[in-house]
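Quick mapping for you: the protein sequence lines, in order, are chains A and B.
full-length UniProt numbering applies: residue 1 is where the first sequence begins, and numbers increase by one.
full-length UniProt numbering applies: residue 1 is where the second sequence begins, and numbers increase by one.
Even glycine gets a Cβ: it sits at the ideal position worked out from N, Cα and C.
None of the values given here were measured: they were computed from a predicted structure.
Below: one structure, written as structure tokens.
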Amino acid sequence: MSDALRQTPELVTLTVNGSVHQVQLDSRTTLLDALRDHLELSGTKKGCDQGACGACTVLLDGKRIVSCLVLAAQCEGREVTTVEGVTVDGRPHAVQEAFCRHDALQCGYCTPGQVMSAISLLAEGRAGSDDEIREFMSGNLCRCGAYPNIVAAIREVAGQEATSR
Amino acid sequence: MRGFEYVRATDVGSAVALVSGDPGASYLAGGTTQLDLMLKDAVVPQGLLVDIGRLPLRGIATDGDVLRVGALTTMEELAADPVVAERVPFVSEALLAGASTQLRNMATIGGNLLQRTRCRYFRDIAVTDCNKRTPGSGCAAVTGAARMHAILGASAHCIALHASDLCVPLRALDAEVRVEGAAGQRTIAFADLHVMPGERPDVETVLRHGEMISEVLVPLLPAGTRSGYLKVRDRVSYEFALTSAAAALSIEDGVITLARLALGGVGTVPWRATEAERVLVGAPATARTFLAAAEAAIQDPFTVPGTEFKVELAKRTIVRVLRTVSGEQS
Ligand SMILES: Cc1cc2nc3c(=O)[nH]c(=O)nc-3n(C[C@H](O)[C@H](O)[C@H](O)COP(=O)(O)OP(=O)(O)OC[C@H]3O[C@@H](n4cnc5c(N)ncnc54)[C@H](O)[C@@H]3O)c2cc1C
Ligand code: FES
Ligand code: FES
Chain A
1 MSDALRQTPE LVTLTVNGSV HQVQLDSRTT LLDALRDHLE LSGTKKGCDQ GACGACTVLL
61 DGKRIVSCLV LAAQCEGREV TTVEGVTVDG RPHAVQEAFC RHDALQCGYC TPGQVMSAIS
121 LLAEGRAGSD DEIREFMSGN LCRCGAYPNI VAAIREVAGQ EATSR
Chain B
1 MRGFEYVRAT DVGSAVALVS GDPGASYLAG GTTQLDLMLK DAVVPQGLLV DIGRLPLRGI
61 ATDGDVLRVG ALTTMEELAA DPVVAERVPF VSEALLAGAS TQLRNMATIG GNLLQRTRCR
121 YFRDIAVTDC NKRTPGSGCA AVTGAARMHA ILGASAHCIA LHASDLCVPL RALDAEVRVE
181 GAAGQRTIAF ADLHVMPGER PDVETVLRHG EMISEVLVPL LPAGTRSGYL KVRDRVSYEF
241 ALTSAAAALS IEDGVITLAR LALGGVGTVP WRATEAERVL VGAPATARTF LAAAEAAIQD
301 PFTVPGTEFK VELAKRTIVR VLRTVSGEQS
């Protein structure tokens, strides 16, 4: 093996919500499975496990991704943010509070992914209209059909951000 | 077989050497196709995965009238590029019409070009008849439930679609692909990159095993040329195309002086509508011309009951995109 290449890591160092963890992993382990099964961070949900539903959305270096289609090993040295990491001073994130106010969930299974995606959407500046919110939230499916309320929750936070600017 | 192994490449040369020297090895870029096929669907056998994600092949630069796009640039990054927005806006439109923001943050431009078909028979190893997976085994899609399948470049051997949106405007623009191989560098015309299935649907590109795409060269359109991408699908967002079209037109005094047209959702490879371009250039930018171009674009389709509708839908998609790009001067 050329020393220009790193051998399969069995011990992976992951930075999640600001804490550094060393985990012993099979190199096939996805970030999603590492979070849920090795770090006991079960807030991130597994829906399709094939990149299609968005339930597993987390932020990687501040950008939203689906954690089921990336190996934990690929995330070494990068910042992972999960739904457990978005509270502000122990209080829920503004997006989470808006989801509660607008009843933007029914069973709640898709919600952590929706919340992570919405936080990212707002940071991307893509919550300018309901159509824009729908388009750029389309990677997050909701089997309960809470879509209208999800859009309303995001619209409210976008409005608050606009007035506080 | 050696089984699954993961290594992170630190330079292009050793990554190329490693994959070239091992028939079971492959590159891992964004992973949105490769991990899906290897770990979830088990269509691609587990072998050595060489993670090229941190190689310095990321970024966009303008070189005269050509945009040089590093193969590891993400779909979101290219879609947001200001030069793309100004000079080849249909590239950005095609990118943003594909996948979801999450996937576009992961997926790379090189990987997008080499994404594998979404044919559900190809992706289901319980299905034995798939010439793409097992040459000579037949094609379950031809007699099965086809919808998201190709009608151009297709035959009874294979109707698997090349589902990339990005490849459609890149085909229209005559992009080029820079490749690093064990024997050195070469440049491949976009038209030559993807191979028509013929009797060997398992051969999808002209790349030799171990060749790595390092850069995609995108010629910019002349100032004043307008472009657009139209994608027709079963749901409004986050779905593959039933049909799509990328068009660029220059119009002077009502006459078309430059025309580029390529199609998605219909071809086994990204499809250039050369005959339609011939109809367009020199003709008045009118509804009649656009209809004639659409007729010329879809020649000798190979359809099965599930894909017959695409013949008419593709023509209407072409007419619509041409009308939009021409600014409805018809
Ligand atoms: C749910 C879902 C929806 C999608 N919807 C769309 C859509 O609407 N439109 C669309 O166009 N696409 C869509 N895609 C496909 C997506 O765009 C591709 O999966 C992605 O672009 C592949 O890029 P990647 O970097 O993830 O490639 P990878 O998965 O890392 O690699 C793909 C293939 O290319 C090879 N490879 C990668 N980079 C290189 C390189 N530089 N040189 C040589 N070989 C290389 C790999 O070995 C592998 O064989 C969708 C995907 C998913 C999962
Ligand atoms: S679990 Fe990852 S996208 Fe569905
Ligand atoms: S609230 Fe049940 S899936 Fe969305």
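What residue range does the beta strand (DSSP E) around B/Pro-301 cover? Following the DSSP letters along the chain, one finds B/Pro-301 in no beta strand (DSSP E), marked with neither H nor E.
Looking only at its own chain, which residues have a Cβ that is under 7 Å from the Cβ of B/Val-321, when we skip the five neighbours before and after it? Gly-228, Leu-230, Ala-245, Ala-247.
Assigned secondary structure, B/Gly-70 (DSSP; H/G/I helix, E/B strand, else coil): The DSSP-derived three-state label of B/Gly-70 is strand.
Under 7 Å, do B/Leu-37 and B/Glu-5 count as touching if we go by C-beta distance? No.
Should B/Arg-8 be labelled buried (16 or more other beta-carbon atoms within 10 Å of its own) or exposed? With a threshold of 16 other beta carbon atoms within 10 Å, B/Arg-8 meets it and is buried.
Which of helix, strand or coil DSSP assigns to B/His-157: Coil, per DSSP.
Contact list for B/Asp-22 against chain A, beta-carbon separation under 8 Å: For B/Asp-22, there are no C-beta contacts with chain A under 8 Å, since the nearest C-beta of that chain is about 12 Å from it.
Leaving aside the five residues before and after A/Ser-164 along the sequence, list all residues of the same chain whose C-beta is less than 7 Å from its C-beta, in chain order. Nothing listed; no residue qualifies.
Quick one: which residues of the region 87-107 of chain B get their C-beta closer than 7 Å to a C-beta of chain A? List them in chain order. Only those residues of the region 87-107 of chain B whose C-beta falls short of 7 Å from the nearest C-beta of chain A are listed: Ser-100, Thr-101, Gln-102, Leu-103, Asn-105, Met-106.
What do you get for A/Gln-74, buried or exposed, if any count of 16 or more other CB atoms within 10 angstroms of its CB means buried? By the neighbour-count rule (16 or more Cβ atoms within 10 Å), A/Gln-74 is buried.
Min CB distance B/Asp-234 to chain A below 7 Å: At least 7 Å separates the CB of B/Asp-234 from every CB of chain A.
Does B/Phe-4 get closer than 7 Å to chain D when you measure Cβ to Cβ? No chain D appears in the structure shown, which is made up of the protein chains A and B.
Whole-angstrom C-beta distance between B/Gly-110 and B/Ile-213, which should lie under 8 Å: So it is a contact: roughly 4 Å between Cβ atoms.
Beta-carbon proximity check, B/Ile-52 vs B/Asp-81, cutoff 7 Å: Taking the C-beta atoms as reference points, B/Asp-81 is found no nearer than 7 Å to B/Ile-52.
Outcome for A/Val-16 when other beta-carbon atoms lying within 10 angstroms are tallied against a minimum of 16: Its Cβ being crowded by 16 or more others within 10 Å, A/Val-16 is buried.
Run of the alpha helix (DSSP H) containing residue 372 of chain B, from where it starts to where it stops: For chain B, the structure presents residues 1 to 330; residue 372 of chain B sits outside this window and is missing.
Buried or exposed: which applies to B/Gln-299, given that a residue is buried once 16 or more other Cβ atoms fall within 10 Å of its Cβ? Classification for B/Gln-299: exposed.
Residue nearest to B/Thr-323 in terms of C-alpha spacing, selected from B/Phe-302, B/Gly-306, B/Gly-254: For clarity, residue 323 of chain B is Arg in the given sequence; the question names Thr instead. Among B/Phe-302, B/Gly-306, B/Gly-254, the Cα nearest to that of B/Arg-323 belongs to B/Gly-254.
Would you call the CB atoms of A/His-102 and A/Ala-153 closer than 7 Å? Yes, the pair counts as a contact, with Cβ atoms nearer than the cut-off.
Quick check on B/Gln-329: buried or exposed, where buried means 16 or more other Cβ atoms within 10 Å of its Cβ? Confidence at B/Gln-329 is low in this model, with a pLDDT of 45, below 50, so the placement of that residue is unreliable and no value is reported for it.
Could you tell me whether the region 73-87 of chain A touches the region 55-63 of chain A, where touching means 3 or more Cβ pairs closer than 8 Å? The region 73-87 of chain A, when compared against the region 55-63 of chain A, does touch it at the 8 Å Cβ threshold.
Is any heavy atom of ligand 3 found at a distance shorter than 6 Å from the C-beta of A/Gln-96? No - ligand 3 has no heavy atom lying nearer than 6 Å to the Cβ of A/Gln-96.
Short CB-CB distance (under 7 Å) between B/Gly-31 and chain A: For B/Gly-31, the answer is yes, since a Cβ of chain A falls inside 7 Å of its Cβ.
Output, in sequence order along the chain, the residues in the region 24-55 of chain B whose CB is closer than 7 Å to any CB in chain A. Hits within the stretch, in order: Gly-31, Thr-32, Leu-35, Asp-36, Leu-39, Lys-40, Asp-51, Gly-53.
Rounded to whole angstroms, what's the CA-CA distance from B/Thr-74 to B/Val-195? Just pull it up for me. Their backbone Cα atoms lie some 24 Å apart in a straight line.
For B/Leu-49, the residue or residues it bridges with in DSSP: B/Leu-49 pairs with B/Tyr-6, B/Ser-26.
How far does the beta strand (DSSP E) with B/Tyr-229 in it reach, from first residue to last? 226-232 is the extent of the beta strand (DSSP E) around B/Tyr-229.
Which of the three DSSP states, helix, strand or coil, is assigned to B/Pro-222? If DSSP states are grouped into helix, strand and coil, B/Pro-222 belongs with coil.
Cβ closer than 8 Å: which chain B residues qualify as neighbours of A/Asp-37? The premise fails here: A/Asp-37 is roughly 15 Å from chain B at the closest Cβ pair, so nothing lies under 8 Å.
Beta carbon proximity, B/Tyr-121 to chain A, threshold 7 Å: No, B/Tyr-121 does not count as interfacial toward chain A.
Compute the minimum distance between the beta carbon of A/Leu-141 and the heavy atoms of ligand 1, and state whether it is under 6 Å. For ligand 1, not one heavy atom lies less than 6 Å from the Cβ of A/Leu-141.
Quick check for students: name the residue ranges of the beta strand (DSSP E) that lie wholly in the region 133-198 of chain B, counting only runs of 3 or more. Listed in chain order, the beta strand (DSSP E) runs fully inside the region 133-198 of chain B are 176-181, 184-189, counting runs of at least 3 residues.
Mind checking B/Asp-192: buried by the 16 CB within 10 Å criterion, or exposed? Exposed, because fewer than 16 other Cβ atoms sit within 10 Å of the Cβ of B/Asp-192.
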